[in-house]
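Residue numbers (this note's numbering), protein chains in the order written: chain D, -12 to 299; chain P, 16 to 396.
Notes for the one structure printed next.
Next comes the structure, spelled out in structure tokens:
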């Protein structure tokens, strides 16, 4: 057991964070969101750094990839890094079967717009027990306006071309997707909480900083517990290569945490928290989108019960 | 970062499990039902801890000069997890090896170390913790039990309350106000008090948590030899802070909660709830709470194993553990229905044990205050 970063992990994180200061951050996210745009430049920068291939075989580094995914989400990066650089390599034993293509993950059982579909080259569709992949040519995706922090679109599978069958196991895809969701959730919760704590240290009402009121402090402390619990469950699961049960446990805890962090950061930030001029929404609104994927809290929690105790 | 157990750690856990299978009597489940402070468990602990000590496991994590084996701090957690999971056969003695012993090592003089540590390491002694008072609960620094130096003894006058294990204890780790002019944290001292001194009276406080759970301890001008003073006079608060850091994550309550939850899931299935998605969801969420408490506690043990200064991660782990405990207590009643209302039934025993989690070792609100101040660095109230 060792909960501290080793030297190499520290170097990776420092480099990625430096890169993110330059290529991501809330201001850039807000600017991109205005057009529903995707951050191809961020992807290019990540590719140039080499840190987008940490999950490549023969020795895929899930934990380091997870640390990078969390850092990107905390910097509000508008990139499908987690899908393409963590989830799909996870489901294929560390292969990058679609090269540098931008991926959209689709849950066949839950219709509706898909995160990053508007920028995606390939849709990876998880059905009950199989995985199908589609090339998304021009006209295959209809962009949809959304306030939830991600570029999203509806995929018309009639105009998408199915790729030759690849041996991707549905359960492997599902467990890595679940854990990928947790990584993005942890990063977004961290961003939301940090920005709220910073604001409440400064914002004065009744002659004192709002953050000095105990009623406020306790809620923020509860959020911190929720975020830290999610973070360490996620890192432990990533280290183990996303075991199904540990990934579902992490998802159950993190998605419940996300509900709390969303509600409390907004409540405590007051009206300014709803505006585009304040950064909170960049992370908080994403939490709502992440909360819905793969069936949400209920599905993650039932998956825990199924795997641990054999519930239906 | 490394989240796998080392080979030695895994072997140690296996050895502990084998030992437990061998050593625990057939009626252990009924012995353990009353919690670590029950008569049955306190009595059992004297035998059980002695046999742990024989194997060198009771205090494996202590330095060898004090009867330990210089084993990694993790061994103590592994032992704690395995023992708490089955209902803590060390009884009250888990406190001894977790924080009372280490506090004596850190602050005791040579004579005290020689007197107190060997019996603790041999699993022969029960201690209780004389901290809370009628007017000093969460606000521990308001304590008023007075100790006045008179020749070679302190004369102790006052009342301690909520004292678990006081009815069985051989010694009390007692906080007193040794400087009567002092305020708050200054002027507090620690006395290691034999419980058989004249003038000490222990009375049970009947409660819904269970029989013989809480006690009041009255000190009526008890003469405590001055050689019982632990650490510098009037500077006992430093000792308390040191001890509390260990205490707050000392009990692997999450391991007990997780084991209880496994049993509860079995019971739910036996009662025909295996296809009820709501029950599955609640059980799954409760499992996630246990797991979060576990990993956050490990985070603290990692700090301790590396001898880093204690941080507010301790409070984070503590509150997470409390949440898991409370959720599983409530879920026990929910799943077992009105059967759980019978005293001593599975659900009842779990529920009652879970009730104190948010209050013991400093109320949750105090922990949240500390997280706000130290972890989030929010301005003072």
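Where is the CB? At the ideal position from N, CA and C, for every residue including glycine.
At a cut-off of 8 Å between beta-carbon atoms, residue 272 (chain D) makes no contact with chain P. Judged by DSSP in its simplified three-state form, residue 55 (chain D) adopts helix.
Residue pairing by DSSP puts residue -11 (chain D) in a beta bridge opposite P:17. If you look at residue 234 (chain D), you'll find it in the alpha helix (DSSP H) that goes 231 to 256. Annotated three-state conformation of residue 233 (chain P) is strand, per DSSP. Listed as beta-bridge partners of residue 209 (chain P) by DSSP are P:186. Restricting attention to D:12, D:-4, D:290 and D:-11, the CA atom closest to the CA of residue 267 (chain D) is found in D:12. When DSSP states are grouped into helix, strand and coil, residue 86 (chain P) belongs to the coil group. Between residue 315 (chain P) and residue 254 (chain P), the beta carbon gap of about 20 Å keeps them out of contact (Cβ cut-off 8 Å). Classified as exposed, residue 264 (chain D) has fewer than 16 neighbouring CB atoms from the shown chains inside 10 Å of its CB.
Residue environment for residue 358 (chain P): exposed (fewer than 16 other C-beta atoms within 10 angstroms of its C-beta). Proximity of the stretch 341 to 360 of chain P to the stretch 14 to 21 of chain D falls short of the contact definition, fewer than three beta-carbon pairs being nearer than 8 Å. Counting every other CB atom within 10 Å of its CB across the protein chains shown gives residue 155 (chain P) a total of 16 or more, marking it as buried. Bridge pairing for residue 174 (chain P): P:233 [DSSP]. Residue environment for residue 31 (chain D): exposed (fewer than 16 other C-beta atoms within 10 angstroms of its C-beta). Note that the stretch 302 to 317 of chain P does not touch the stretch 39 to 56 of chain P; fewer than 3 beta-carbon pairs, one per stretch, sit closer than 8 Å. The alpha-carbon of residue 23 (chain P) is positioned some 10 Å away from that of residue 86 (chain P). At a beta-carbon threshold of 8 Å, none of the residues of chain D lie near residue 111 (chain P); the nearest stands roughly 25 Å away. The Cβ-Cβ distance between residue 118 (chain P) and residue 143 (chain P) does not fall below 8 Å. Pairing residue 124 (chain P) with residue 48 (chain P), the inter-Cα distance amounts to about 39 Å. Think of a sphere of 8 Å around the beta carbon of residue 211 (chain D): the chain P residues whose beta carbon falls inside it are 331, 386, 390 and 391, in chain order. Under the DSSP definition of a beta bridge, residue 102 (chain D) partners with D:139. In terms of beta-carbon proximity, residue 395 (chain P) lines the interface with chain D, with at least one pair separated by less than 8 Å.
Look at residue 288 (chain P) here: in three-state DSSP terms it is coil, with no helix or strand label. When secondary structure is reduced to three states using DSSP, residue 62 (chain D) falls in the coil class, being assigned neither helix nor strand. Look at the beta carbons and you see the stretch 214 to 234 of chain P not touching the stretch 268 to 280 of chain P: under three pairs across the two are nearer than 8 Å.
Cβ neighbours of residue 370 (chain P) within its own chain (closer than 7 Å, five residues either side excluded): 224 and 344. Here DSSP, grouped into helix, strand and coil, assigns residue 74 (chain P) to coil.
Within the same chain, 267, 312, 313 and 316 come within 8 Å of residue 92 (chain P) by CB-CB distance, once the 5 residues on both sides are set aside. Burial check for residue 26 (chain P): the Cβ neighbour count within 10 Å stays below 16, so the residue is exposed.
Between the alpha carbons of residue 383 (chain P) and residue 212 (chain D) lies a gap of roughly 9 Å. The distance from the Cβ of residue 122 (chain D) to that of residue 148 (chain D) is about 5 Å, consistent with a contact at the 8 Å cut-off.
Residue environment: residue 288 (chain D) is assigned as buried (16 or more neighbouring CB atoms within 10 Å of its CB, all protein chains considered). Burial is judged here by how many other beta carbons sit within 10 angstroms of a residue's own beta carbon; residue 353 (chain P) has fewer than 16 and is exposed. Exposure of residue 35 (chain D) is indicated by the presence of fewer than 16 other C-beta atoms within 10 angstroms of its C-beta.
For residue 165 (chain P), the enclosing beta strand (DSSP E) starts and ends at 161 to 165.
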